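Novice: Next up is a structure, given as structure tokens.
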Amino acid sequence: DHRPGRVARVDRGVCTVLRPEGPVRASLGGGVLAAAARDLTALPCAGDWVLLATWPDGPVTVEAVLPRRTALVRRTAGKDASGQVLAANLDAAAVVEPVHPTPDAARIERLLSLAHESGAEPLVVLTKADLAADPAAVARQLADLAPGVPVLAVSAERGAGLAPLRRHVAPGRTLGLLGPSGAGKSSLVNALAGADVMRTQAIRRVDGKGRHTTTWRSLVPLPGGGAVLDTPGVRAVGLLDGVVGLDRAFADIAELATGCRYADCAHDAEPACAVRDALDSGELPARRWESWRRLQREVAYEGGRRAARL
Ligand code: GDP
Ligand code: ZN
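Positions 56 to 365 (this note's numbering) are the ones given, in order, by the sequence shown.
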């Protein structure tokens, strides 16, 4: 008899799986290990629904990872062709960036591409709004980085601006947080939970463990019935895997490209290129264009290497 559960966290091959009677620890079953030997994405990760088996002498194993509705995948540099799943079954994926100091536009664009690629509903959450004179103005300025995506400003400290986020943690829904260490993700989880469920960096520092020691990725069930998944591991560069998310995250450029004379225009030296025209006229900011080019080259380069290995 196999019982279902949801993975809250994976630590050195041991999964903490949430069950109605409470969390259980489970190691990986033989079938899962065999599948993972062929494809790392077969390993369970936080957010996965799994089937558990309990053996007569006590141990619990993960026997199957159920199909994922959405998956946040990080490319694994060179090592294998499959990538690593950072989080599964997110309904919404929030790119979390502090308003202060100045938000990092390139990082927002990169993580937003990843969020789009995952299949979850993307959003941008600007944290520490209490540190900006006019957080709404910062959100408006950044709106061009995130076409078609809501940009919210919140303060975990003041409990301000959280209302639009609540919909993403309604019963049965899971919100993922993607952003660098120190962005305020744990504080946001605590604010949404209305309790101190996550240890924040301030506490970690008091522990003397330093900034980057805590890298647990975990699913936190909220009292209201939804869940939040913090993904502190998402700070590496070169993590984008796939071009679908890029096209969505740069919908403004994709839209301009429909005006190019040639359908396969690389916006390089082709005649009648609407993208380069927009760049020349200033309609498309040079910074935005360079961001897109950099990410696009990365994806194309890795795609080429992968094809060469197959
Ligand atoms: P994480 O690494 O993304 O989980 O970030 P933390 O939640 O640990 O927060 C990093 C630091 O930012 C801590 O010192 C927090 O107290 C601080 N912080 C988090 N949220 C806010 C906020 O809304 N306002 C202010 N002023 N500081 C915040
Ligand atoms: Zn073009």
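C-beta atoms are modelled at their ideal positions from N, C-alpha and C, and glycine is treated no differently.
It should be emphasised that the depicted structure is a prediction, and the values quoted were computed from it without experimental measurement.
For A329, I'd like the list of residues in its chain whose CB is within less than 6 Å of its CB, leaving aside the five on either flank, ordered along the chain.
Specialist: On the sequence shown, residue 329 is found 274 positions in, with the first residue counted as 1. Here the set comprises L311, G314, C315.
Novice: What number of angstroms, rounded off, separates the C-alpha of R93 from the C-alpha of A215?
Specialist: Taking the first residue of the sequence shown as 1, we reach residue 93 at position 38. Taking the first residue of the sequence shown as 1, we reach residue 215 at position 160. Going from the Cα of R93 to the Cα of A215 covers about 46 Å.
Novice: Check whether the segment 164 to 171 and the segment 210 to 230 are in contact - that is, three or more C-beta pairs closer than 8 Å.
Specialist: no
Novice: At which residues does the beta strand (DSSP E) containing P153 begin and terminate?
Specialist: Counted from its first residue, the sequence shown places residue 153 at position 98. Segment 147 to 153, the beta strand (DSSP E) holding P153.
Novice: Is DSSP giving R349 helix, strand or coil here?
Specialist: Reading the sequence shown from its first residue, position 294 is the one you call residue 349. R349 falls in the helix class under three-state DSSP.
Novice: Please identify the residue among L107, D335, F305 whose C-alpha is closest to the C-alpha of R61.
Specialist: Along the sequence shown, one-based indexing puts residue 61 at 6. Measuring from the Cα of R61, the nearest candidate turns out to be L107.
Novice: Do K183 and P153 have their C-beta atoms within less than 8 Å of each other?
Specialist: Taking the first residue of the sequence shown as position 1, residue 183 is located at position 128. Taking the first residue of the sequence shown as position 1, residue 153 is located at position 98. For K183 and P153, yes; Cβs fall inside 8 Å.
Novice: Quick one: what's got a C-beta closer than 7 Å to L247's C-beta in the same chain, skipping five residues either side?
Specialist: If you number the sequence shown from 1, residue 247 lands on position 192. Closer than 7 Å at Cβ, skipping near neighbours: L217, L220, V224, L277, V283.
Novice: DSSP on A170, reduced to helix/strand/coil?
Specialist: Here residue 170 is taken as the residue at index 115 of the sequence shown, counted from 1. In this structure, A170 counts as helix in the three-state DSSP scheme.
Novice: For V140 versus A126, is the C-beta spacing smaller than 8 Å?
Specialist: Position 85 of the sequence shown, counted from the first residue, corresponds to residue 140. Position 71 of the sequence shown, counted from the first residue, corresponds to residue 126. Against a cut-off of 8 Å, the Cβ pair of A126 and V140 comes out as a contact.
Novice: Using CA coordinates, which residue listed in I163, D185, C70, A306 is at the minimum distance from L178?
Specialist: Counting from 1 along the sequence shown, the entry for residue 178 is found at position 123. Selected option, being the one with the closest Cα: I163.
Novice: If we count the other Cβ atoms within 10 Å of its Cβ and call it buried at 16 or more, is D146 buried or exposed?
Specialist: As a first step, residue 146 must be located in the sequence shown, where it is residue number 91. Buried: at least 16 other Cβ atoms inside 10 Å.
Novice: Let me confirm a value: D56 is counted as buried when at least 16 other C-beta atoms fall within 10 Å, else exposed. Which label applies?
Specialist: On the sequence shown, position 1 is the one that residue 56 refers to. Exposed: under 16 other Cβ atoms inside 10 Å.
Novice: With DSSP run on the structure shown, which of helix, strand or coil describes E338?
Specialist: Counting from 1 along the sequence shown, the entry for residue 338 is found at position 283. Note: E338 maps to coil in three-state DSSP.
Novice: Quick one: complete alpha helix (DSSP H) runs, 4+ long, within the segment 305 to 337?
Specialist: Taken in chain order, the unbroken stretches of alpha helix (DSSP H) that lie wholly in the segment 305 to 337 and span 4 residues or more are 306 to 312, 329 to 336.
Novice: If you run the structure through DSSP and keep just helix, strand and coil, what is D66?
Specialist: Taking the first residue of the sequence shown as position 1, residue 66 is located at position 11. In the structure shown, D66 sits in a strand (DSSP, three-state: E or B).
Novice: Determine the direct distance from the alpha carbon of W344 to that of V354, and round the result to whole angstroms.
Specialist: The residue given as residue 354 occupies position 299 in the sequence shown. The residue given as residue 344 occupies position 289 in the sequence shown. Taking the straight line from one Cα to the other gives about 16 Å.
Novice: With distances taken from each beta carbon to the nearest heavy atom of the ligand ZN, which residues come in below 5 Å, in chain order?
Specialist: C315, C320, H322, C328, V330
Novice: Using a threshold of 8 Å, state whether the C-beta atoms of S273 and A143 are closer than that.
Specialist: Along the sequence shown, read from residue 1 onward, the residue named residue 273 stands at position 218. Along the sequence shown, read from residue 1 onward, the residue named residue 143 stands at position 88. Taking 8 Å as the Cβ cut-off, S273 and A143 do not qualify as a contacting pair.
Novice: Cα-Cα, which of A91, T109, V87, G231 is closest to R80?
Specialist: For this step, residue 80 is matched to residue 25 along the sequence shown. Taking only the C-alpha atoms, the option nearest R80 is T109.
Novice: Pull up the distance between the alpha-carbon of G85 and that of A208, whole angstroms please.
Specialist: Mapped onto the sequence shown, residue 85 falls at position 30. Mapped onto the sequence shown, residue 208 falls at position 153. Using only the alpha carbons, I get a separation of about 46 Å.
Novice: In whole angstroms, give me the CA-to-CA distance for I308 and R74.
Specialist: For the purposes of this step, residue 308 is taken as residue 253 along the sequence shown, with counting starting at 1. For the purposes of this step, residue 74 is taken as residue 19 along the sequence shown, with counting starting at 1. In a straight line, the C-alpha of I308 is about 45 Å away from that of R74.
Novice: Please determine, among V206, R342, T229, the residue with the shortest C-alpha to C-alpha distance to A175.
Specialist: Here residue 175 refers to the residue found at position 120 when the sequence shown is read from its first residue. Of the candidates V206, R342, T229, the one whose C-alpha sits nearest the C-alpha of A175 is T229.
Novice: Between E58 and the rest of its own chain, which residues show a CB-CB distance below 6 Å, the 5 nearest in sequence each way excluded?
Specialist: Within the sequence shown, numbered from 1, the residue matching residue 58 stands at position 3. Checking the sequence, you will find Arg at residue 58 rather than Glu. Correct list, in chain order: L107.
Novice: Quick check on R342: buried or exposed, where buried means 16 or more other Cβ atoms within 10 Å of its Cβ?
Specialist: Position 287 of the sequence shown holds residue 342. R342 comes out exposed.
Novice: Sort T157, D199, L200 by Cα distance to D189 and report the nearest one.
Specialist: Within the sequence shown, the letter at position 134 stands for residue 189. With distances taken between CA atoms, D189 lies nearest to T157 out of T157, D199, L200.
Novice: Hey, out of P122, G337, V69, whose CA is closest to L88's CA?
Specialist: Indexing the sequence shown from 1 puts residue 88 at position 33. Answer by Cα proximity: V69.
Novice: What does DSSP give as the partner residue(s) for R58 in the beta ladder?
Specialist: Residue mapping note: residue 58 aligns to position 3 of the sequence shown, counting from 1. The partner list for R58 (beta bridge, DSSP) reads L107.
Novice: For R67 and L83, I'd like the C-alpha separation in whole angstroms.
Specialist: Along the sequence shown, read from residue 1 onward, the residue named residue 67 stands at position 12. Along the sequence shown, read from residue 1 onward, the residue named residue 83 stands at position 28. Roughly 10 Å between the two C-alpha positions.
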